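The structure under discussion appears below in the form of structure tokens.
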Amino acid sequence: MRPFAPDAEAVFAELTVRIADTVARLREVQGVAVGCSAKRAVWSCGKTTLYQYLPLAQAPPRAGRRPVLVCFALVNRPYVLDLQPDRSLVRRLLEAGLAVYLIDWGDPDDADRCVDLDDYIERHLGGSVRHILGNHGGEALDVLGVCQGGVLSLCYTALHGKQVANLVTLTTPVDFHTPDNLLSKWVRGLDTELLMRSGNVPGEVLNGLFLSLSPFRLTQHKYVRLLSGNSDQRALEDFVRMERWIFDSPPQAALALAQFVRWFYQENRLARGTLRIGGRRVDLGEIRQPVLNLYALEDHIVPPDAAAAMQRYIGSADYTGCGIDTGHIGMYVSRKAAHEIPARIISWLQERQ
Amino acid sequence: METPFTHAAFKPDAAFTGAAERFFELLKTFGMPGAAAAGADRDWSSLAGPLAGQFEQWLKSSQSAGPWFAAANPAAPGPGAGVGAAQAGSFGPLPLGAGAAPQQDAQRSWDLVARLAQLQGQLASHWGEIANTAARRFVARLGATAGGAPTLDNALKLYELWVNCAEESYAATVRKDDFCRLQAELANTSAALLVEQRRHAETLVRAFGLPSRNEVDALYAQLKDLRRQLAELTDAARAGGSGAQRPAVRPAGKGRRKRPRRPRA
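Sequence order for the protein chains is H and D.
If you use our numbering, the first sequence closes out at 353, no skipped numbers anywhere.
If you use our numbering, the second sequence closes out at 265, no skipped numbers anywhere.
Here's what the structure looks like:
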């Protein structure tokens with residue numbers, strides 16, 4: 001007896017047909033569009049562009065509502081939040097009548113090797129905030145920080161609390177030294193001075209790093225699953241959109257990345273209260289505005305403990321933490337998340353208008 | 001062998017084909033003659049060796065378990081080959097590096113290359129450990145999943161079990177302190193080699209009177225300082241209208257010039 005009969009010719013024949021069929025279908029949908037909501041650039045600084053999403057005809061922005069600024073990670077493209085009409089956090093926010101802005105950090109090149117976290121937080125994120133407030137009036141806006149963008153948003157909120165009315169964080173690490181953080185263990189011994197001197201880091205390298213946290217599932221298993229026969233055309237299109245996003249990562253400015261690795265992953269300064277940005281100490285205790293912290297319970301990049309730790313450090317009396325039963329990327333695009341997360345954010349914000 | 005991140009421009013059909021081919025190979029291994037000897041007692045131990053061998057080969061060739069490690073192979077860095085490795089690769093055809101450098105510099109480069117090779121050897125032992133543990137785990141758990149009707153569904157179930165075992169074995173190894181230290185040392189050594197190659201390149205560009213990377217970075221730092229001063233002056237001018245105090249910004253060109261600070265991580 002064998003685990004799988006070698007003479008199972010019918011199975012191998014079926015497999016061959018399915019492989020050929022799936023390859024052909026993947027090629028057909030390869031050019032599938034990503035990003036679905038109309039937006040326009042309203043401000044820029046260096047390679048960073050601030051976009052304003054155009055209101056939906058059926059849901060014009062409601063008067064008196066604060067605008068929402070979405071601050072995504074530096075290491076990925078933000079269009080995952082607006083991938084397709086039925087998987088778009090941005091679209092749901094627009095449908096709720098909110099004015100939505102998004103920061104796209106762009107592609108740093110060699111001229112940006114010395115762009116640092118102070119630049120990103122104070123000039124790029126801060127400039128975006130000031131531009132929006134100048135445009136809309138009012139003293140504060142709502143910030144939605146995602147993953148690494150959530151970390152930047154926390155820093156900004158701690159330093160400029162008056163400009164942020166409500167803070168929503170998605171898959172945002174605060175304690176980088178929780179025992180289950182494999183990424184943190186791996187980079188703990190990196191020489192960040194050397195890292196900085198070796199120049200900008202190509203996006204493919206970081207992709208490889210993230211994939212290597214779970215290499216068999218993320219580089220093999222997910223493709224083989226397409227052979228199960230359950231993938232209709234739409235599912236295949238969704239799959240390709242995600243693939244495109246996963247493998248479309250921007251390069252990282254050398255100094256900012258080196259600082260992020262050292263200050264957050266190696267020295268855990270955010271949680272320890274020793275982080276300084278632009279000469280000022282980032283004290284999470286200064287965050288007194290309402291905070292909604294959403295994190296994934298199956299996150300292999302930002303372990304749930306790393307994100308849930310936020311509650312221990314911020315000074316807000318109005319904190320809502322919520323673990324969602326999905327993975328890191330599932331938080332942005334899974335069917336479950338597509339309904340649950342926007343609904344939670346919108347109702348939470350509405351209660352605090 | 002290809003993995004998705006060995007491609008600069010990702011093609012899902014190519015990644016799928018690669019994964020499907022390996023699935024095909026795996027099924028053949030499951031049904032290989034050695035396994036036939038297992039008999040009715042369902043002792044699949046004879047499978048462990050071939051499975052581990054196949055798996056280890058994939059780990060080594062794809063280096064999927066550590067993109068940073070691939071930087072440790074200066075002869076063939078690719079876009080996914082670790083921090084700085086892609087840039088290091090671009091130096092390949094140039095008359096730079098150890099061969100073109102002064103004797104002492106060349107020795108430093110060769111030392112780094114030798115160290116990388118040594119670290120790669122240590123890494124290979126980890127791949128071997130992961131492969132063997134995964135294969136043993138798989139064989140131990142085969143139980144009822146194996147020997148069923150030869151259908152594609154059953155094949156996929158076997159595959160699912162195999163992936164679970166592979167991930168568990170991988171996770172157990174890559175969380176160990178010695179693996180983490182090795183990974184960091186590989187990344188650091190490859191970064192050091194890249195910096196060394198750049199240093200050689202700078203010597204060459206200076207010989208042609210071209211600006212070097214360090215000089216451009218210093219100019220950028222100056223520009224950044226000037227921008228900052230300009231912003232502060234602009235703010236001060238605005239605030240001046242409302243009677244606020246001017247910040248202590250020294251007008252450009254007066255007093256002792258401050259050397260631009262070298263950025264630090």
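Glycine residues also receive a C-beta, built at the ideal position from the N, C-alpha and C atoms.
No experiment lies behind these values; they were computed from the predicted model shown.
query = Which whole runs of the alpha helix (DSSP H) in the segment 316–344 of chain H are 4 residues long or more, in chain order?
reply = The segment 316–344 of chain H contains these whole alpha helix (DSSP H) runs: 330–333.
- Message: In the DSSP assignment, the alpha helix (DSSP H) including H/D238 goes from what residue to what residue?
- Response: As a first step, residue 238 of chain H must be located in the first sequence, where it is residue number 238. Run containing H/D238: 233–246, per the alpha helix (DSSP H) assignment.
task: Run the CB neighbour count on D/A15, radius 10 Å, all protein chains shown included, and call it buried at 16 or more, exposed below.
output: Within the second sequence, the letter at position 15 stands for residue 15 of chain D. Classification for D/A15: buried.
Just to make sure I have the definition right: I need the residues of chain D whose C-beta is within less than 8 Å of the C-beta of H/C114. Which are they? In the first sequence, counting from the first residue as 1, residue 114 of chain H sits at position 114. Within 8 Å Cβ-Cβ: D217, Y220, A221, K224, P263.
**Item:** Segments of 4+ residues assigned as alpha helix (DSSP H) that fall wholly inside the segment 123–147 of chain H
**Value:** Annotation: the segment 123–147 of chain H contains the following complete segments of the alpha helix (DSSP H) (minimum length 4 residues), in chain order: 126–136.
- Neighbour list for H/R27 in chain D, Cβ cutoff strictly below 8 Å: Taking the first sequence and counting its residues from 1, one reaches residue 27 of chain H at position 27. Near H/R27 (Cβ distances below 8 Å), the residues of chain D are D13.
| said: So, at 8 Å on beta carbons, what are the nonlocal neighbours of H/T326 in its own chain, with the 5 sequence-adjacent residues on each side left out? | reply: Start at 1 with the first residue of the first sequence, and residue 326 of chain H comes out as number 326. Counting only Cβ-Cβ distances below 8 Å, and skipping sequence neighbours, we find A296, L297, E298, S334, K336, A337.
Mark H/K355 as exposed unless 16 or more other C-beta atoms lie within 10 angstroms of its C-beta, in which case mark it buried. No answer is possible for residue 355 of chain H: it lies beyond the span of chain H, which begins at 1 and ends at 353.
- If the cut is a Cβ gap below 7 Å, which residues of chain D does H/R87 touch? What you label residue 87 of chain H is simply residue 87 of the first sequence in a count that begins at 1. Under the 7 Å cutoff, chain D gives no residues; its nearest Cβ is about 17 Å from H/R87.
Per DSSP, which one or two residues make a beta bridge with D/C180?
-> On the second sequence, residue 180 of chain D is found 180 positions in, with the first residue counted as 1. Under DSSP, no beta-bridge partner is assigned to D/C180.
Excluding the 5 residues preceding and the 5 following H/L284 in the sequence, name in chain order all residues of the same chain whose CB lies nearer than 6 Å to its CB.
As a position in the first sequence, residue 284 of chain H is number 284, starting the count at 1. Within the same chain, and ignoring the five residues on either side of H/L284 in sequence, the residues whose Cβ sits closer than 6 Å to its Cβ are A158, Y313, I314.
Requested in this report: Report yes or no: do the segment 229–237 of chain H and the segment 270–281 of chain H share at least 3 C-beta pairs separated by less than 8 Å?
Outcome: Between the segment 229–237 of chain H and the segment 270–281 of chain H, the count of Cβ pairs shorter than 8 Å is below three; the stretches do not touch.
- Whose CA, out of H/R123, H/L93, H/W348, lies closest to the CA of D/E232? Translated into the one-based positions of the second sequence, residue 232 of chain D becomes position 232. D/E232 has its Cα closest to that of H/R123, out of H/R123, H/L93, H/W348.
(Q) So that I know if they touch, is there some Cβ in chain H lying closer than 9 Å to that of D/R238? (A) By one-based count along the second sequence, residue 238 of chain D stands at place 238. No, because no Cβ of chain H sits closer than 9 Å to the Cβ of D/R238.
| message | Let's test the definition: count the other Cβ atoms within 10 Å of the Cβ of H/F72 and tell me whether it reaches 16, buried, or not, exposed. | response | As a first step, residue 72 of chain H must be located in the first sequence, where it is residue number 72. With 16 or more Cβ atoms within 10 Å of its Cβ, H/F72 is classed as buried.
- From H/L170, H/A165, H/K47, residue whose alpha carbon lies closest to that of H/I345: Here residue 345 of chain H corresponds to residue number 345 of the first sequence, with the count starting at 1. If we check each option's Cα against that of H/I345, H/L170 comes out closest.
Of the listed residues H/V34, H/R62, H/V100, H/V68, nearest to H/L83 (C-alpha basis) = What you label residue 83 of chain H is simply residue 83 of the first sequence in a count that begins at 1. Ranking the options by Cα distance to H/L83, first place goes to H/V34.
Which residues in chain D have a C-beta closer than 8 Å to the C-beta of H/T22? List them in chain order. The sequence position of residue 22 of chain H within the first sequence is 22, counting from 1. Residues of chain D with a Cβ closer than 8 Å to the Cβ of H/T22 are, in chain order, F16, A20.
- [ ] Determine the contact status of H/V168 and H/L292, defining contact as a CB-CB distance below 9 Å.
- [x] The sequence position of residue 168 of chain H within the first sequence is 168, counting from 1. The sequence position of residue 292 of chain H within the first sequence is 292, counting from 1. For the 9 Å CB-CB criterion, H/V168 and H/L292 form a contact.
Chain-order list of residues whose beta-carbon lies under 7 Å from that of H/A253 (same chain, five-residue window excluded)
Sequence index remark: in the first sequence, residue 253 of chain H carries index 253 (1-based). Excluding five sequence positions before and after H/A253, the CB atoms of its chain that fall closer than 7 Å to its own CB belong to P108, D112, R113, V115, N200, given in chain order.
**Item:** Range of the contiguous beta strand (DSSP E) that encloses H/N166
**Value:** Position 166 of the first sequence, counting from 1, holds the residue named residue 166 of chain H. First-last of the beta strand (DSSP E) with H/N166: 164–170.
Quiz item: Thinking just about the alpha-carbon of each residue, which of H/P55, H/P303, H/R77 is nearest to the one in H/E95?
Solution: As a first step, residue 95 of chain H must be located in the first sequence, where it is residue number 95. Cα-wise, what sits closest to H/E95 is H/P55.
Please report how far the alpha carbon of H/V17 lies from the alpha carbon of D/L51, in whole angstroms. Position 17 of the first sequence, counted from the start, is the residue given in the question as residue 17 of chain H. Position 51 of the second sequence, counted from the start, is the residue given in the question as residue 51 of chain D. Cα to Cα, the separation comes out at about 25 Å.
Report task. From the DSSP output, in three-state form, read off D/T151 for me. Result -> Translated into the one-based positions of the second sequence, residue 151 of chain D becomes position 151. Coil at D/T151, not helix or strand.
Worksheet item: Name the chain D residues whose beta carbon is nearer than 9 Å to that of H/A111?
Response: For this step, residue 111 of chain H is matched to residue 111 along the first sequence. In chain order: V216, Y220.
With DSSP run on the structure shown, which of helix, strand or coil describes H/R281? The sequence position of residue 281 of chain H within the first sequence is 281, counting from 1. DSSP, read as helix, strand or coil, puts H/R281 in strand.
Buried or exposed: D/P95, going by 16 or more other Cβ atoms within 10 Å of its Cβ? The residue labelled residue 95 of chain D in the question sits at position 95 within the second sequence. Summary for D/P95: the model assigns pLDDT 41, below 50, so the residue's position carries little reliability, and this model does not support an answer.
Where does H/N293 fall in DSSP's three states? Counting from 1 along the first sequence, the entry for residue 293 of chain H is found at position 293. In this structure, H/N293 counts as strand in the three-state DSSP scheme.
Task: Cα-Cα separation, H/G31 to H/H339 - done: Reading the first sequence from its first residue, position 31 is the one you call residue 31 of chain H. Reading the first sequence from its first residue, position 339 is the one you call residue 339 of chain H. Annotation: H/G31 to H/H339 spans about 26 Å, alpha carbon to alpha carbon.
I'd like to check one pair, H/L98 with H/S88: are the Cβ atoms closer than 9 Å? Your numbering for residue 88 of chain H matches position 88 in the first sequence. Your numbering for residue 98 of chain H matches position 98 in the first sequence. Inclusion of H/S88 and H/L98 in the CB contact set at 9 Å is not warranted, their separation being larger than that value.
For H/V11, which residues in chain D fall below 9 Å Cβ to Cβ?
-> If you number the first sequence from 1, residue 11 of chain H lands on position 11. Neighbourhood of H/V11 in chain D, by CB distance below 9 Å: L27, P150, T151, L152, N154, A155, in chain order.
Next on the checklist: Out of H/S198, H/P179, H/K39, which one is the CA nearest neighbour of H/A256?
Outcome noted: Within the first sequence, numbered from 1, the residue matching residue 256 of chain H stands at position 256. Of the candidates H/S198, H/P179, H/K39, the one whose C-alpha sits nearest the C-alpha of H/A256 is H/S198.
Exercise. What are the start and end residues of each continuous beta strand (DSSP E) run of 3 or more residues lying completely inside the segment 81–112 of chain H, in chain order?
Worked result: If you keep only unbroken beta strand (DSSP E) runs of at least 3 residues inside the segment 81–112 of chain H, you get 82–84, 100–104.
Report task. Kindly say whether H/P372, judged by its beta-carbon, lies nearer than 9 Å to any beta-carbon of chain D. Result -> Residue 372 of chain H is absent from the model: chain H starts at 1 and stops at 353.
query: Going by the beta-carbon positions, is the gap between D/S212 and D/E202 smaller than 9 Å?
result: Taking the first residue of the second sequence as 1, we reach residue 212 of chain D at position 212. Taking the first residue of the second sequence as 1, we reach residue 202 of chain D at position 202. Yes, Cβ-Cβ distance for D/S212 and D/E202 is below 9 Å.
- Item | Distance between H/L26 and H/R241 (C-alpha atoms, nearest Å) | The sequence position of residue 241 of chain H within the first sequence is 241, counting from 1. The sequence position of residue 26 of chain H within the first sequence is 26, counting from 1. Going from the Cα of H/R241 to the Cα of H/L26 covers about 11 Å.
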